[in-house]
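Here is the structure we will look at, set down as structure tokens.
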Amino acid sequence: MTGEDLFAPHGVLAGVILAAGDSSRMGVAKALLPVGARGESFLARIVSVYRLAGVQTVAVVVGPSGRTIREAAGALAPPVLVAVNSFPSRGQLSSLVVGLDALEEALPHRIEAAVVMPVDMPLVAVETVARLARAWSSTRAPVVRPESAGRHGHPVVFDRSVFEDLRDGDLALGARAVVQAHAARVLDVTVEDEGPFIDIDTPTDYERHVGRWPL
Numbered sequence: 003m004t005g006e007d008l009f010a011p012h013g014v015l016a017g018v019i020l021a022a023g024d025s026s027r028m029g030v031a032k033a034l035l036p037v038g039a040r041g042e043s044f045l046a047r048i049v050s051v052y053r054l055a056g057v058q059t060v061a062v063v064v065g066p067s068g069r070t071i072r073e074a075a076g077a078l079a080p081p082v083l084v085a086v087n088s089f090p091s092r093g094q095l096s097s098l099v100v101g102l103d104a105l106e107e108a109l110p111h112r113i114e115a116a117v118v119m120p121v122d123m124p125l126v127a128v129e130t131v132a133r134l135a136r137a138w139s140s141t142r143a144p145v146v147r148p149e150s151a152g153r154h155g156h157p158v159v160f161d162r163s164v165f166e167d168l169r170d171g172d173l174a175l176g177a178r179a180v181v182q183a184h185a186a187r188v189l190d191v192t193v194e195d196e197g198p199f200i201d202i203d204t205p206t207d208y209e210r211h212v213g214r215w216p217l
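Per my numbering, residue 3 is the first one in the sequence shown, and the count goes up by one each step.
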């Protein structure tokens, strides 16, 4: 679950992958769709990206009916934490909080920040995650996110100073309300990578982006 953490020498910058959605628009579990020349799953790809970027501790949040995703996550090596959101219909913020709680239970008082990515965004480059992590490590900004041409994408790094705000947040408004509450101190990192702005929600999205994306 853990290894050398490059960005938080006195604690852990952990990764959270949100995979509790029902994939209704895709029709199959997005977490298990293949991507790249090796045909690894979206889930495996994101875990690999995190670890290659220096983020070694990773939690995957699945829904109550996500048995196959839990099994796939359990087969990853080194292992990841798997946490279940029993009520994913409450929205992504509820899954984010489940992930944070799982991390802090596993590593009490050691999680200094969490870099958060939905499982339907497997095209983010390793260097993008590494740049966001370095930006957080050097500034300890409450929120760090990728930016390009006025767009904001994923993953987003949340410093532990906003964990309670996330836990207390309005589930209907999601994490965006917490980001807005700290707008004056949000750090936007300009990236050239298009991956942070591409989510794969439908079969059309998959055909348009995944088949022609060099990984």
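Quick reminder that beta carbons are idealized off the backbone N, C-alpha and C, glycines included.
Quick check on residue i: does DSSP put it in helix, strand or coil?
i, result
"I71", "helix"
"V212", "helix"
"G259", "Coverage of the chain is limited to positions 3 through 217, which leaves residue 259 absent and any answer about it impossible."
"D207", "helix"
"F9", "coil"
Roughly how far, in whole angstroms, is the beta-carbon of residue i from the beta-carbon of residue j, given that I think they are within contact range, below 8 Å?
i, j, result
"A22", "G65", "4 Å"
"V82", "A61", "7 Å"
"V188", "V181", "6 Å"
"F9", "A135", "5 Å"
"V118", "V158", "5 Å"
"A186", "D167", "With 8 Å as the limit, A186 and D167 do not qualify as a contact, their Cβ atoms being about 14 Å apart."
"P124", "Q94", "At roughly 16 Å, the Cβ-Cβ gap does not stay under 8 Å, so P124 and Q94 are not in contact."
"L34", "I71", "7 Å"
What does DSSP give as the partner residues of residue i in its beta bridges?
i, result
"D190", "R147"
Please confirm whether residue i has its beta-carbon closer than 7 Å to some beta-carbon of chain B.
i, result
"G152", "No chain B is present in this structure, which holds just one protein chain."
What ranges does the beta strand (DSSP E) occupy inside the region 15–68, keeping only unbroken runs of at least 3 residues that lie completely in it? 60–64
Ranges of the alpha helix (DSSP H) found wholly within the region 68–108, counting only runs of at least 4: Correct list: 69–76 and 94–108.
Unbroken stretches of the alpha helix (DSSP H), 4 residues or longer, contained in the region 109–174: 128–141 and 165–169
Under 8 Å, with one C-beta from each stretch per pair, do the region 36–49 and the region 107–117 reach the 3-pair mark? no
Is the region 137–150 close to the region 66–75, with three or more CB pairs under 8 Å? Verdict: no, contact absent.
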